[in-house]
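Q:
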Amino acid sequence: SKLFHRGTNPLAPDAVDLTQLTSVGDWLASIKMSRYAESFERAGVTTLEAAARVTVQELTALGITLVGHQKKIMNSVTALRAQMSATSQGFLV
Numbered sequence: 001s002k003l004f005h006r007g008t009n010p011l012a013p014d015a016v017d018l019t020q021l022t023s024v025g026d027w028l029a030s031i032k033m034s035r036y037a038e039s040f041e042r043a044g045v046t047t048l049e050a051a052a053r054v055t056v057q058e059l060t061a062l063g064i065t066l067v068g069h070q071k072k073i074m075n076s077v078t079a080l081r082a083q084m085s086a087t088s089q090g091f092l093v
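Residues 1 to 93 (our numbering) are what the sequence shown spells out, left to right.
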């Protein structure tokens, strides 16, 4: 699985190539938040597109209440959004 290719750049362990991720589970593992994978799945957040639309309020509803974890996930959500808009064919209106 792709998870073992992380850390190929020891200088930037947090610089995950989000384009290489294929699932919400992979994404959460890449930011060391796998413990929440089931919560995301139960809430119906099963695609990276859905993950990119998650809000802080939704994280709280998922039971992710630690501010540090919320920040980490939301920082990555922002990066997911940026990468998706960069790779999508259309223009954002």
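Glycine is no exception: its CB is placed at the ideal position from the N, C-alpha and C atoms.
1) Between the C-alpha atoms of Ser23 and Glu41, what's the straight-line distance to the nearest angstrom?
2) At the level of alpha carbons, what is the spacing between Val67 and Leu80?
3) DSSP three-state call for Ile64: helix, strand or coil?
4) At what residues does the alpha helix (DSSP H) containing Ala51 begin and finish?
5) Since Ile31 contacts Lys71 with CB under 8 Å, what's their CB separation in whole angstroms?
6) By the DSSP assignment, the alpha helix (DSSP H) with Asp26 in it spans what residues?
7) Within the same chain, show all residues whose beta-carbon is closer than 6 Å to that of Leu62, passing over the 5 residues directly before and after it, in chain order.
A: The structure says:
1) 11 Å
2) 20 Å
3) coil
4) 48-51
5) No, Ile31 and Lys71 are not in contact; Cβ-Cβ is about 11 Å, not under 8 Å.
6) 24-30
7) Ser39, Ala43
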